[in-house]
């Protein structure tokens, strides 16, 4: 039975981390909210499920509904060979994903530092201040951590964990894609100091299933409704 | 062998979710950074570990180091009967914890909306704006979700998952403690609409090991260096 994947239909957002794992796994899935009437189905499930997700994305596999991006990837990683089988390696992969999640939340807050209920235009002054700290301090700190992990991986620096691809690699790829879209200048600077991260990004982009996905209409282009938004005034 | 627990020694912070699980489990653990020279040990481990945590808290169990609060609780929950044994129930517990983590991050950002590298005093105007949205919109939304989960739990409304205590219950207790400290007025209002949440909080406080822990010097008092800070101007 195909997985049912639920996320806001017009953006990559947090759902994209799940889409990339499903695509790399070659899994059979339906992107429900992008189908006719699918958004209404999604909203009903959030309201009426016995175990309601707080927010999209969520995944339905038979009777099981799983929310929270990192939890979905924990689930898919174990089922599709996108995480090590040993418990310590699996937990380490999850730990990296959770840290990527923290990074993504900070990237989101660059344009919404005051609150999700307000428009960007109503918090632009604050966004300018927050973006400066994000560019100058947070991007280098996070990328430095990923670079260090790659450098210390005893199985080689091509992957974050072990010698083969994990969902953490896919997620780091997506974060770099997002940074390059939203903060092209700052991302370029930071990647010069993180050559292993840059190489991992490029190698993921060349994986056959990812390459095909990125070129397909299933990949929603970045836009100014998602997490990574190109507001030129926030980059420098 | 005792667990080694690592966190900033002067605050409850994110580490407190781990402390509560260790205490409820009656686990043997050392709060390393609160021992003499312990902070230096913590900093060295973050710098030199093969799998370095991005930030505290982290837990060392033999040779395994686990960072990220939710990942630590996933690990401890399975070992100490603080999560259901069935995979779907374990993942649901984890999903709730991750949502609590999102809530905690938002609580933190009420006093640091512009960046962690700046003092509160340098972002106070922004903090006032962000706190208003947090009080009026986010606290009710999150507490409403927890209330709904409790109401829909087929095993009864005394716990978030199943018929016995999980680490998610402990974490919800801690979040309510924090909100009551930082936003006493807003928390009181919101809890009137979330009586099951309030009852769960009170029942956790009465558990013998938790009660003993809260009365002990091991429990660091809330203060204005942690996540939940009492700045009266942010409450209303």
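Residue numbers (my numbering), protein chains in the order written: chain A, 13 to 248; chain B, 13 to 248. Built from N, CA and C at the ideal position, the CB exists for glycine as well.
Taking Cβ positions only, does residue i come closer than 7 angstroms to chain B?
{"i": "residue 145 of chain A", "result": "yes"}
{"i": "residue 157 of chain A", "result": "yes"}
{"i": "residue 138 of chain A", "result": "yes"}
{"i": "residue 62 of chain A", "result": "yes"}
{"i": "residue 196 of chain A", "result": "no"}
{"i": "residue 101 of chain A", "result": "no"}
{"i": "residue 33 of chain A", "result": "no"}
{"i": "residue 83 of chain A", "result": "yes"}
{"i": "residue 106 of chain A", "result": "yes"}
{"i": "residue 27 of chain A", "result": "no"}
{"i": "residue 6 of chain A", "result": "Shown here, chain A extends from 13 to 248; a query on residue 6 of chain A therefore has no answer."}
{"i": "residue 201 of chain A", "result": "no"}
{"i": "residue 141 of chain A", "result": "yes"}
Can you look up residue i in the DSSP assignment and give me helix, strand or coil?
{"i": "residue 70 of chain A", "result": "strand"}
{"i": "residue 94 of chain A", "result": "coil"}
{"i": "residue 53 of chain B", "result": "helix"}
{"i": "residue 247 of chain B", "result": "coil"}
{"i": "residue 181 of chain B", "result": "helix"}
{"i": "residue 209 of chain A", "result": "helix"}
{"i": "residue 138 of chain A", "result": "helix"}
{"i": "residue 120 of chain A", "result": "helix"}
{"i": "residue 198 of chain B", "result": "helix"}
{"i": "residue 149 of chain A", "result": "helix"}
{"i": "residue 236 of chain A", "result": "coil"}
{"i": "residue 173 of chain B", "result": "coil"}
{"i": "residue 222 of chain B", "result": "helix"}
{"i": "residue 164 of chain A", "result": "helix"}
{"i": "residue 126 of chain B", "result": "coil"}
{"i": "residue 230 of chain B", "result": "coil"}
{"i": "residue 23 of chain B", "result": "coil"}
{"i": "residue 65 of chain A", "result": "coil"}
{"i": "residue 48 of chain A", "result": "coil"}
Taking just the CA atoms, how far does residue j sit from residue i?
{"i": "residue 109 of chain A", "j": "residue 180 of chain A", "result": "6 angstroms"}
{"i": "residue 69 of chain A", "j": "residue 27 of chain A", "result": "5 angstroms"}
{"i": "residue 88 of chain B", "j": "residue 177 of chain A", "result": "27 angstroms"}
{"i": "residue 221 of chain A", "j": "residue 51 of chain A", "result": "27 angstroms"}
{"i": "residue 224 of chain A", "j": "residue 213 of chain A", "result": "16 angstroms"}
{"i": "residue 101 of chain B", "j": "residue 218 of chain B", "result": "25 angstroms"}
{"i": "residue 90 of chain B", "j": "residue 35 of chain B", "result": "15 angstroms"}
{"i": "residue 236 of chain A", "j": "residue 107 of chain A", "result": "29 angstroms"}
{"i": "residue 46 of chain A", "j": "residue 53 of chain A", "result": "11 angstroms"}
{"i": "residue 15 of chain B", "j": "residue 80 of chain B", "result": "16 angstroms"}
{"i": "residue 37 of chain B", "j": "residue 31 of chain B", "result": "10 angstroms"}
{"i": "residue 9 of chain A", "j": "residue 198 of chain B", "result": "This structure cannot speak to residue 9 of chain A, because chain A is shown only from 13 to 248."}
{"i": "residue 96 of chain B", "j": "residue 105 of chain A", "result": "22 angstroms"}
{"i": "residue 187 of chain A", "j": "residue 152 of chain B", "result": "31 angstroms"}
{"i": "residue 19 of chain B", "j": "residue 48 of chain B", "result": "14 angstroms"}
{"i": "residue 182 of chain A", "j": "residue 168 of chain A", "result": "17 angstroms"}
{"i": "residue 233 of chain A", "j": "residue 25 of chain A", "result": "11 angstroms"}
{"i": "residue 86 of chain B", "j": "residue 111 of chain B", "result": "14 angstroms"}
{"i": "residue 149 of chain A", "j": "residue 146 of chain B", "result": "26 angstroms"}
{"i": "residue 75 of chain A", "j": "residue 229 of chain A", "result": "29 angstroms"}
{"i": "residue 139 of chain A", "j": "residue 118 of chain B", "result": "16 angstroms"}
{"i": "residue 144 of chain A", "j": "residue 62 of chain B", "result": "31 angstroms"}
Beta-carbon of residue i versus every beta-carbon of chain A: anything under 7 angstroms?
{"i": "residue 149 of chain B", "result": "yes"}
{"i": "residue 111 of chain B", "result": "yes"}
{"i": "residue 176 of chain B", "result": "no"}
{"i": "residue 163 of chain B", "result": "no"}
{"i": "residue 78 of chain B", "result": "yes"}
{"i": "residue 66 of chain B", "result": "yes"}
{"i": "residue 126 of chain B", "result": "yes"}
{"i": "residue 20 of chain B", "result": "no"}
{"i": "residue 91 of chain B", "result": "no"}
{"i": "residue 129 of chain B", "result": "yes"}
For residue i, list the residues DSSP reports as bridge partners.
{"i": "residue 17 of chain A", "result": "A:43, A:71"}
{"i": "residue 79 of chain A", "result": "A:70"}
Hey, out of the options, whose CA is closest to residue i's CA?
{"i": "residue 242 of chain A", "options": "A:122, A:155, A:103, A:74", "result": "A:122"}
{"i": "residue 73 of chain B", "options": "B:194, B:43, B:184", "result": "B:43"}
{"i": "residue 158 of chain B", "options": "B:92, B:232, B:206, B:33", "result": "B:206"}
{"i": "residue 175 of chain A", "options": "A:16, A:94, A:25", "result": "A:94"}
{"i": "residue 57 of chain A", "options": "A:77, A:198, A:136, A:201", "result": "A:77"}
{"i": "residue 133 of chain B", "options": "B:234, B:246, B:13", "result": "B:246"}
{"i": "residue 103 of chain B", "options": "A:248, A:84, A:229, A:200", "result": "A:84"}
{"i": "residue 202 of chain A", "options": "A:48, A:61, A:67, A:155", "result": "A:155"}
{"i": "residue 128 of chain B", "options": "A:63, A:142, A:137", "result": "A:142"}
{"i": "residue 41 of chain B", "options": "B:23, B:191, B:17, B:125", "result": "B:17"}
{"i": "residue 162 of chain B", "options": "B:192, B:149, B:131, B:184", "result": "B:184"}
{"i": "residue 239 of chain B", "options": "B:226, B:114, B:92", "result": "B:114"}
{"i": "residue 194 of chain B", "options": "B:65, B:164, B:61, B:120", "result": "B:120"}
{"i": "residue 99 of chain B", "options": "B:173, B:118, B:131, B:23", "result": "B:173"}
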